[in-house]
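Everything on this sheet refers to the single structure shown next.
2 protein chains.
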Amino acid sequence: MTVMGTARPAGRPRSERAEKAIVDATLDLIGEGTSVSELSIEAVAARAGVGKTTIYRRWANKEELVGDALATLKAPLPVVEGRTVREDLVAYLDVMRQDSLTLRTRCIMNIAMSEPDRHPNLYERFHKTAIEPRRVAMRAVLGRGVASGELRPDLDIELAIGMLSGTMLWYTKGAAHNNTPLADDLAARIVDEALRGFLSR
Amino acid sequence: MTVMGTARPAGRPRSERAEKAIVDATLDLIGEGTSVSELSIEAVAARAGVGKTTIYRRWANKEELVGDALATLKAPLPVVEGRTVREDLVAYLDVMRQDSLTLRTRCIMNIAMSEPDRHPNLYERFHKTAIEPRRVAMRAVLGRGVASGELRPDLDIELAIGMLSGTMLWYTKGAAHNNTPLADDLAARIVDEALRGFLSR
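Protein sequence lines correspond, in order, to chains A and B. So for the first sequence, full-length UniProt numbering puts the first residue at 1; every next one is plus one. So for the second sequence, full-length UniProt numbering puts the first residue at 1; every next one is plus one.
Shown next, in the form of structure tokens:
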């Protein structure tokens with residue numbers, strides 16, 4: 001169904017549909033084993049059923065496209081209630097656990113991230129759109145905890161982010177290799193252990 | 001120089017030299033961008049200047065060979081003095097930091113680890129020869145700390161290993177993507193922050 005001209009089409013506008021088709025095509029090709037070096041804009045355009053100019057209108061190059069496509073695999077951060085630092089941190093860390101549960105996502109991320117030195121712009125883009133917002137959110141929660149006196153005034157917030165996120169990363173990587181499920185309460189257990197040291201006394 | 005029969009050759013025995021040539025050839029091919037799926041025993045044999053049977057005498061298949069070759073990239077664990085839990089943990093974590101400093105090592109690990117679902121035996125082998133001994137060593141230090149009363153009696157030792165190693169992993173991964181050097185005292189800072197929660201009071 002194509003509606004043009006006078007009426008706005010039901011559902012998504014056409015440019016948004018095209019963008020989704022391009023992102024899906026990119027992820028599908030990588031998920032099928034195409035490395036970022038091998039991936040071509042031609043192949044993405046053909047798979048998405050769009051012209052190359054439609055892609056170049058939105059993305060300057062392949063690395064920006066792949067970076068943005070990967071970012072769509074990351075679940076959006078939950079809106080946190082801001083009740084206690086503990087609750088907010090558990091909510092954020094649990095998003096990382098949930099991201100790791102999908103085999104396709106793990107597969108695509110592994111292939112796309114296997115040549116970091118060859119595609120620095122891809123990592124910069126992905127970092128900016130997917131990783132940095134999560135750090136900003138976690139930094140805000142920890143900063144609020146220090147300001148309210150819940151957390152130690154001398155807490156190194158960047159190290160605290162690394163400790164919380166890194167521990168979850170350790171478990172999700174191990175689970176990816178062993179195909180073992182992650183316990184539902186893993187985020188809470190990590191946060192509770194970390195807070196023993198972070199809390200004011 | 002080949003010495004056979006009566007006298008033992010100076011330097012390494014021939015089988016050990018062949019083994020080193022095979023491992024080096026494997027790592028070189030991967031470092032040049034050959035994925036594990038593409039890598040063939042024929043190519044390794046040609047590069048190492050040995051026959052295929054020499055390889056098969058030592059490794060049953062490609063995955064075992066690659067797993068063992070990757071394990072050689074991990075520095076041996078230091079002998080720890082066993083004075084304080086803190087000193088021993090810092091020594092172990094600093095090995096992880098040092099591993100990450102070599103661009104070639106990071107590159108090879110990234111390529112080899114990009115298809116975990118296709119090569120489960122490789123991961124099992126690598127885990128058994130390179131990762132598990134480190135966990136065993138860290139588990140022993142933490143267990144000794146709990147037994148001596150330095151650490152909390154209710155410490156979850158597996159979670160503590162994940163927290164220490166995962167935080168270092170977080171930094172080494174970030175450094176790999178950003179090409180930022182890791183501070184010399186990073187291991188000590190991670191251990192000191194973690195011990196705030198781990199220590200008995």
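For every residue, glycine included, the Cβ atom is placed at its ideal position computed from N, Cα and C.
Inspect the CB distances between the stretch 11-21 of chain B and the stretch 108-121 of chain A and report whether three or more fall short of 8 Å.
No: the two stretches stay apart, fewer than three of their Cβ pairs being nearer than 8 Å.
Of all the CB atoms in chain A, is at least one closer than 9 Å to the CB of Thr54 (chain B)?
Interface with chain A (9 Å Cβ-Cβ cutoff): Thr54 (chain B) is excluded.
Would you say the stretch 18-38 of chain B touches the stretch 60-70 of chain B, given that touching needs at least three Cβ pairs under 8 Å?
Note that the stretch 18-38 of chain B touches the stretch 60-70 of chain B; at least 3 beta-carbon pairs, one per stretch, sit closer than 8 Å.
For Leu195 (chain B) and Glu81 (chain A), I'd like the C-alpha separation in whole angstroms.
Distance between the alpha carbons of Leu195 (chain B) and Glu81 (chain A) is about 30 Å.
To test your reading of the DSSP string, which unbroken alpha helix (DSSP H) runs of 4 or more residues are found completely within the UniProt domain "HTH tetR-type" (16-77) of chain B?
The qualifying runs are 41-48, 52-58, 62-71.
If you drop the 5 nearest sequence neighbours on each side, which residues of the same chain put their C-beta closer than 8 Å to that of Met163 (chain A)?
Excluding residues up to 5 positions away in sequence, Ala194 lie with their Cβ nearer than 8 Å to the Cβ of Met163 (chain A) in the same chain.
Are the stretch 90-108 of chain A and the stretch 45-61 of chain A touching by the rule of at least three beta carbon pairs closer than 8 Å?
They do not touch, by the three-pair rule.
Kindly say whether Ala194 (chain B), judged by its beta-carbon, lies nearer than 9 Å to any beta-carbon of chain A.
Using a Cβ-Cβ cut-off of 9 Å, Ala194 (chain B) counts as an interface residue toward chain A, since at least one Cβ of chain A sits closer than that to its own.
If we define contact as Cβ-Cβ less than 9 Å, is Ala160 (chain B) a contact residue for chain A?
True, the Cβ-Cβ gap to chain A drops below 9 Å.
Bridge partners of Leu151 (chain B), per DSSP?
Looking at the DSSP assignment, Leu151 (chain B) forms a beta bridge with B:Leu199.
Where does Gly145 (chain A) sit, in a helix, a strand or coil, going by DSSP?
Gly145 (chain A): helix per DSSP, three-state reduction.
Give, in chain order, every residue of the stretch 132-160 of chain A whose Cβ lies closer than 9 Å to some Cβ of chain B.
Residues Arg152, Leu155, Asp156, Leu159, Ala160.
Return helix, strand or coil for Glu81 (chain B), following the three-state DSSP convention.
Coil.
Using three-state DSSP, classify His119 (chain B) as helix, strand or coil.
DSSP places His119 (chain B) in coil when its eight states are reduced to three.
Residue from A:Thr180, A:Gly166, A:Gly33, A:Arg104 whose Cα sits closest to the Cα of residue 202 (chain A):
Because residue 202 (chain A) is not part of the residues shown, which for chain A are 1 to 201, the question remains open.
Among the residues of its own chain, which have a CB less than 8 Å from the CB of Met168 (chain B), if the five just before and after it don't count?
Once the five neighbours on either side are set aside, the close Cβ partners of Met168 (chain B) are Leu93, Met96, Arg97, Leu186, Ala187, Ile190.
For Gln98 (chain A), three-class secondary structure by DSSP
Here Gln98 (chain A) carries a helix assignment [DSSP, helix/strand/coil].
Span of the alpha helix (DSSP H) around Ala112 (chain B):
Here the alpha helix (DSSP H) through Ala112 (chain B) covers 103-112.
Since Asp88 (chain A) meets chain B, which of its residues come closer than 7 Å, beta carbon to beta carbon?
Going along chain B, no residue has its Cβ under 7 Å from Asp88 (chain A), so there is no contact; the nearest lies around 19 Å.
Could you give the DSSP three-state label for Pro133 (chain B): helix, strand or coil?
Correct three-state label for Pro133 (chain B): helix.
For a cutoff of 9 Å on Cβ pairs, would you count Asp68 (chain A) as touching chain B?
No, Asp68 (chain A) does not count as interfacial toward chain B.
Quick check: the stretch 151-158 of chain A against the stretch 125-143 of chain A, are at least 3 beta-carbon pairs closer than 8 Å?
Taking a cut-off of 8 Å on C-beta distances, the stretch 125-143 of chain A touches the stretch 151-158 of chain A, as three or more cross pairs fall below it.
Nearest to Ala160 (chain B) (by Cα), restricted to the options B:Asp184, B:Leu77, B:Arg135:
When only C-alpha atoms are compared, the closest one is B:Arg135.
Are the Cβ atoms of Arg118 (chain B) and Ser37 (chain B) separated by less than 9 Å?
Going by C-beta atoms, Arg118 (chain B) is nearer than 9 Å to Ser37 (chain B).
Measuring only the C-alpha atoms, how far is Lys62 (chain B) from Gly197 (chain B)?
The alpha-carbon separation between Lys62 (chain B) and Gly197 (chain B) amounts to approximately 44 Å.
How many Å lie between His127 (chain B) and Thr53 (chain A) at the Cα?
Rounded to whole angstroms, His127 (chain B) to Thr53 (chain A) spans 46 Å at the Cα level.
Using the three-state DSSP reduction, which class does Leu159 (chain B) fall into: helix, strand or coil?
If DSSP states are grouped into helix, strand and coil, Leu159 (chain B) belongs with the helices.
Please classify Leu182 (chain B): does DSSP put it in a helix, a strand, or coil?
DSSP places Leu182 (chain B) in coil when its eight states are reduced to three.
Give me the Cα-Cα distance between Lys74 (chain B) and Ala130 (chain B), rounded to the nearest whole angstrom.
Our two residues, Lys74 (chain B) and Ala130 (chain B), have alpha carbons roughly 7 Å apart in a direct line.
For Thr167 (chain B), which residues in chain A fall below 8 Å Cβ to Cβ?
What Thr167 (chain B) touches in chain A: Leu159, Gly162, Met163, Gly166, Thr167.
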